[in-house]
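Chemist: Below is a structure I'd like to ask you about.
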Amino acid sequence: MKTTAEHDTGVDQGRRRWLAQLGLMSGATLLAPGIHLLAIPPAEGAADGTKRWGMLIDATRCDPNCQLCVTACHEENGLPPATDAQAVRWIRKVTLREERSNHQVSLPMMCLHCAHPPCRDVCPTGATFKRKDGVVLVDRHLCIGCRYCVMACPYKARNFVYGPVTTQKNEVPRGMGCAEGCTLCVHRIDRGKLPACVERCPNQALLFGDLNDPTSPIRRRMAEIGARALRPELRLDPAVRVHGV
Amino acid sequence: MAKSMIALNHYAHAVRFWQLMGVWLLLIAGAAAAFFSLEHFGHAITGMTNHIVWGFPHVIAIFLIVAASGVLNVASIASVFGRTDYKPYAPLSAWMSIALLIGGLAVLVLDLGKPDRLTVAMTHFNWTSMFAWNVFLYTGLLALAVVYLWTMYDKRVSGWSSAAGIAVFLWRLVLTSGTGLIFGFLVGREGYGTALLAPAFLALSFAWGWALFLLAQEGVSRWAGEPSAMLDEALFTRARQLFAVFLAAALYFVVIYHLTNLYFERNAAFSRFLLFAGGEFTFLFWIGYLLLGALLPLWLVLGMGDRASVRWAALLTVFGGIAFLYAFIIGGQAWPLQPFVGYEVLSSGFDDGQVAIYQPHWPEVLLALGGIGVSGLLITLAVRVWPFVPVRT
Numbered sequence: 686m687k688t689t690a691e692h693d694t695g696v697d698q699g700r701r702r703w704l705a706q707l708g709l710m711s712g713a714t715l716l717a718p719g720i721h722l723l724a725i726p727p728a729e730g731a732a733d734g735t736k737r738w739g740m741l742i743d744a745t746r747c748d749p750n751c752q753l754c755v756t757a758c759h760e761e762n763g764l765p766p767a768t769d770a771q772a773v774r775w776i777r778k779v780t781l782r783e784e785r786s787n788h789q790v791s792l793p794m795m796c797l798h799c800a801h802p803p804c805r806d807v808c809p810t811g812a813t814f815k816r817k818d819g820v821v822l823v824d825r826h827l828c829i830g831c832r833y834c835v836m837a838c839p840y841k842a843r844n845f846v847y848g849p850v851t852t853q854k855n856e857v858p859r860g861m862g863c864a865e866g867c868t869l870c871v872h873r874i875d876r877g878k879l880p881a882c883v884e885r886c887p888n889q890a891l892l893f894g895d896l897n898d899p900t901s902p903i904r905r906r907m908a909e910i911g912a913r914a915l916r917p918e919l920r921l922d923p924a925v926r927v928h929g930v
Numbered sequence: 055m056a057k058s059m060i061a062l063n064h065y066a067h068a069v070r071f072w073q074l075m076g077v078w079l080l081l082i083a084g085a086a087a088a089f090f091s092l093e094h095f096g097h098a099i100t101g102m103t104n105h106i107v108w109g110f111p112h113v114i115a116i117f118l119i120v121a122a123s124g125v126l127n128v129a130s131i132a133s134v135f136g137r138t139d140y141k142p143y144a145p146l147s148a149w150m151s152i153a154l155l156i157g158g159l160a161v162l163v164l165d166l167g168k169p170d171r172l173t174v175a176m177t178h179f180n181w182t183s184m185f186a187w188n189v190f191l192y193t194g195l196l197a198l199a200v201v202y203l204w205t206m207y208d209k210r211v212s213g214w215s216s217a218a219g220i221a222v223f224l225w226r227l228v229l230t231s232g233t234g235l236i237f238g239f240l241v242g243r244e245g246y247g248t249a250l251l252a253p254a255f256l257a258l259s260f261a262w263g264w265a266l267f268l269l270a271q272e273g274v275s276r277w278a279g280e281p282s283a284m285l286d287e288a289l290f291t292r293a294r295q296l297f298a299v300f301l302a303a304a305l306y307f308v309v310i311y312h313l314t315n316l317y318f319e320r321n322a323a324f325s326r327f328l329l330f331a332g333g334e335f336t337f338l339f340w341i342g343y344l345l346l347g348a349l350l351p352l353w354l355v356l357g358m359g360d361r362a363s364v365r366w367a368a369l370l371t372v373f374g375g376i377a378f379l380y381a382f383i384i385g386g387q388a389w390p391l392q393p394f395v396g397y398e399v400l401s402s403g404f405d406d407g408q409v410a411i412y413q414p415h416w417p418e419v420l421l422a423l424g425g426i427g428v429s430g431l432l433i434t435l436a437v438r439v440w441p442f443v444p445v446r447t
């Protein structure tokens, strides 16, 4: 019931209250980003911080006509065949020609698991993270699908999942609308196995190991034949290094 | 200019109001259809690819967000720089900022691969990410603009109007710098990766926001049927001159940006591509932005100077802004990444070394138009209930 005074002034108090409540709700929604409701620690897992997993790609041993590393990756990680520009490619083969010498070389390319990954730096939610052992991964529960990481990676190693996922494997979580890339077969290396591409390569063009251990085969091989970072001027310190490019 | 009136008066302009609402609701319905289709089928139904992951929705969203900052210029000139004759126009300026920002953000959020995880974006922050900072910058601007509007309308807090105006002014300088730095902080791509994009986006925001304000101000004055609500001759002349300054400043930064790229050999290939060999991107830059969106408006504003010419200049500036962003955002991604410097790519399983192709599909177009619909709807609603039209007494 309106009071006489309210009738006199023509003020609808009910409407005022409703508007005030609406304002309060809008304000609360607006301020919500500033309130930290949950604090989930980064999913670093049980990775061993004394190690830094890395890979040496010896392009001088890579056969330009061989695609076995790509096939192995797709089989291991349940990736569909890459048929169009929307398909995901965790690993790809490239053949290059040096502009002055005309020297041709072939090599596989994947996520280089940088020590200072731009994809992690730009990720708004922290979905992209680096494990203690240097492996760069995406937490599929935190990824909102903004694709900023795809924009940031200088190596074209990040992908966005455009369509429904139908070939998913239990050990390799994937999802439509999320970003993803090479995991260095983290589910295998945590059990002491080699990444699928390394295991499948018939020419030993790929060597996997601990970059922190000077006595490891990968470090000894790098010392022997030399290895460098792609785009070294960016100083991202990638864990996947190349020889022959 | 003590009084102000409601432009779309409930009794006098009901038909016009609902016609406008109909247009905006139609655009929003289209965006809803696009959004639910994306939810169901994924982004596979868009023209975006793993080469070009930010498409047409991002072009429109970023245009709206950048313009949202610039449109506040009118309010800032009144509160921060003490030009009281702009003051009656400040409420419309502040509300347009809110409306454009919400429209732009709506597009960005609805285009996410996982829009249902918006709460994740609001509860998990990675402080090295410009996006995470922008979550605060955008919501902060909304909050400050609301407070600013409050100080304009409520006499009890009107003493705080100047302080609120200064806070909004400073905030939006940081916000638009932050939007430019979304691209400026990308190290891997030749077209981006320069802090010059922060001031460049600021200058562009001034021009785009000013253009949108001039159009809206003229629109609401006409709807109100109140000839005295139009900017008077002295104010119009100043607004026109400021428009020219903003257009010229934006053009200056765009020129400097490309000159910097061309001077640094490591970035020169990208600017050569965009300026001379980029197909539709080259066309959009030279004809869309430079000729129609910058030089022609400058000539219309400075050379012609009458109200009709300035209106055309404002329309062309908006069009040119979208053309500029399309060439910059899509063109910047179409230009291939260069992981193998010094090598030519003979073959690649992922089209390395190839210029990527992008053709927006219907979901992207509808989603982008929906952002314009949301902004338009919010402005129209406010124009009907708030006295945005100053009346000279």
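Protein sequence lines, in the order shown, are assigned to chains L and X.
The opening residue of the first sequence carries number 686 in the working numbering; numbering runs sequentially from there.
The opening residue of the second sequence carries number 55 in the working numbering; numbering runs sequentially from there.
C-beta atoms are modelled at their ideal positions from N, C-alpha and C, and glycine is treated no differently.
Keep in mind it's a predicted model, so treat the numbers as computed, not measured.
Just curious, the beta strand (DSSP E) that TYR397 (chain X) is in, first and last residue?
Modeler: Looking at the DSSP string, the run of the beta strand (DSSP E) that includes TYR397 (chain X) is 397-402.
Chemist: Taking the continuous beta strand (DSSP E) assigned at SER791 (chain L), which residues delimit it?
Modeler: Where SER791 (chain L) is concerned, the enclosing beta strand (DSSP E) stretches over 789-795.
Chemist: In chain order, what residues of the same chain have a beta carbon less than 6 Å from the beta carbon of MET176 (chain X), not counting five sequence neighbours either side?
Modeler: Excluding sequence neighbours, MET176 (chain X) sits near nothing in its chain.
Chemist: Where does PRO441 (chain X) sit, in a helix, a strand or coil, going by DSSP?
Modeler: DSSP places PRO441 (chain X) in coil when its eight states are reduced to three.
Chemist: In terms of alpha-carbon separation, which member of X:TYR397, X:LEU301, X:LEU328 and X:VAL299 lies closest to LEU313 (chain X)?
Modeler: Nearest of X:TYR397, X:LEU301, X:LEU328 and X:VAL299 to LEU313 (chain X), Cα basis: X:LEU328.
Chemist: Quick check on DSSP: helix, strand or coil for LYS141 (chain X)?
Modeler: LYS141 (chain X): helix per DSSP, three-state reduction.
Chemist: Name the residue from L:VAL857, L:ASP748, L:GLY866 and L:GLY763 whose alpha carbon lies nearest to the alpha carbon of LEU792 (chain L).
Modeler: Checked all of L:VAL857, L:ASP748, L:GLY866 and L:GLY763; the closest Cα to LEU792 (chain L) is L:ASP748.
Chemist: Is it buried or exposed for LEU723 (chain L), if we count other Cβ within 10 angstroms and need 16 for buried?
Modeler: Any reading at LEU723 (chain L) is ruled out, since the residue's pLDDT is 48, under 50, leaving its predicted position unreliable.
Chemist: Once the 5 residues before and after ALA254 (chain X) are set aside, which same chain residues still bring their CB inside 7 Å of it?
Modeler: Answer for ALA254 (chain X): GLY234, PHE307, VAL308 and TYR311, listed in chain order.
Chemist: With a cut-off of 8 Å, do at least 3 Cβ pairs link the segment 815-831 of chain L to the segment 862-881 of chain L?
Modeler: Touching, yes, given that three or more Cβ pairs across the two stretches are closer than 8 Å.
Chemist: Going by C-alpha to C-alpha distance, which of X:TRP225, X:VAL211 and X:LEU269 sits closest to LEU256 (chain X)?
Modeler: It is X:TRP225 whose Cα lies nearest to the Cα of LEU256 (chain X).
Chemist: Can you list the residues of chain X that ASN844 (chain L) reaches, using a CB-CB cut of under 8 Å?
Modeler: The contacting residues are ASN104.
Chemist: Go ahead and pull the three-state DSSP assignment for MET740 (chain L).
Modeler: Note: MET740 (chain L) maps to strand in three-state DSSP.
Chemist: Short check: CB of TYR140 (chain X) to CB of PRO444 (chain X), under 8 Å?
Modeler: No.
Chemist: Give a yes or no on whether 8 Å exceeds the smallest Cβ distance from CYS758 (chain L) to chain X.
Modeler: Output row for CYS758 (chain L): interface = no.
Chemist: Between ALA88 (chain X) and chain L, is there a C-beta pair that is closer than 8 Å?
Modeler: Not one chain L Cβ lies under 8 Å of ALA88 (chain X).
Chemist: Decide if TYR833 (chain L) is buried, meaning its Cβ has at least 16 other Cβ atoms within 10 Å, or exposed.
Modeler: With 16 or more other Cβ atoms within 10 Å, it is buried.
Chemist: In chain order, what residues of the same chain lie with their CB nearer than 7 Å to the CB of GLY911 (chain L), ignoring the 5 residues before and after it?
Modeler: These residues qualify, in order along the chain: HIS928.
Chemist: Does the distance from the CB of LEU266 (chain X) to the CB of VAL125 (chain X) come in under 8 Å?
Modeler: Yes, Cβ-Cβ distance for LEU266 (chain X) and VAL125 (chain X) is below 8 Å.
Chemist: List, in chain order, every chain X residue whose beta-carbon is nearer than 7 Å to that of GLN771 (chain L).
Modeler: Ordered by position in chain X, the residues that pass the 7 Å Cβ test against GLN771 (chain L) are ALA98, THR103 and ASN104.
Chemist: May I have the straight-line CA-CA distance separating ILE131 (chain X) from PRO281 (chain X), to the nearest angstrom?
Modeler: Spanning the two alpha carbons is a distance of roughly 23 Å.
Chemist: Does the distance from the CB of THR780 (chain L) to the CB of LEU162 (chain X) come in under 8 Å?
Modeler: Not in contact: THR780 (chain L) and LEU162 (chain X) (Cβ atoms no closer than 8 Å).
Chemist: Determine the contact status of HIS178 (chain X) and LEU879 (chain L), defining contact as a CB-CB distance below 8 Å.
Modeler: Cβ distance not < 8 Å, so HIS178 (chain X) and LEU879 (chain L) don't count as in contact.
Chemist: What residue range does the alpha helix (DSSP H) around THR868 (chain L) cover?
Modeler: No alpha helix (DSSP H) holds THR868 (chain L); DSSP gives it neither H nor E.
Chemist: Would you verify that the beta carbon of PRO393 (chain X) is, or is not, closer than 8 Å to some beta carbon of chain L?
Modeler: Closer than 8 Å to some Cβ of chain L, the Cβ of PRO393 (chain X) qualifies, so yes.
Chemist: How about GLY860 (chain L) and ARG825 (chain L): are their beta carbons less than 8 Å apart?
Modeler: In contact: GLY860 (chain L) and ARG825 (chain L) (Cβ atoms closer than 8 Å).
Chemist: So what does DSSP say about ASN844 (chain L), is it helix, strand or coil?
Modeler: Correct three-state label for ASN844 (chain L): strand.
Chemist: Nearest-angstrom Cα distance between TRP262 (chain X) and PHE190 (chain X)?
Modeler: Computed Cα separation, rounded: 23 Å.
Chemist: Which class does ARG365 (chain X) belong to by DSSP, given the choice of helix, strand or coil?
Modeler: Helix at ARG365 (chain X).
Chemist: Between which two residues does the alpha helix (DSSP H) carrying THR177 (chain X) extend?
Modeler: Per DSSP, THR177 (chain X) belongs to the alpha helix (DSSP H) from 172-177.
Chemist: Just to make sure I have the definition right: I need the residues of chain L whose C-beta is within less than 7 Å of the C-beta of HIS178 (chain X). Which are they?
Modeler: Ordered by position in chain L, the residues that pass the 7 Å Cβ test against HIS178 (chain X) are THR810, GLY811 and LEU827.
Chemist: With DSSP as the reference, label ASP895 (chain L) as helix, strand or coil.
Modeler: Note: ASP895 (chain L) maps to strand in three-state DSSP.
Chemist: PRO902 (chain L) to ARG171 (chain X), Cα distance in whole Å?
Modeler: So the alpha carbons of these two residues sit roughly 43 Å apart.
Chemist: With a threshold of 8 Å between beta carbons, is GLU783 (chain L) in contact with chain X?
Modeler: So, interface residue.
Chemist: Taking one C-beta from the segment 103-121 of chain X and one from the segment 151-170 of chain X each time, how about it: are there three or more such pairs within less than 8 Å?
Modeler: The segment 103-121 of chain X, when compared against the segment 151-170 of chain X, does touch it at the 8 Å Cβ threshold.
Chemist: If you drop the 5 nearest sequence neighbours on each side, which residues of the same chain put their C-beta closer than 7 Å to that of ALA270 (chain X)?
Modeler: Hits under 7 Å: LEU146, MET150 and ILE433.
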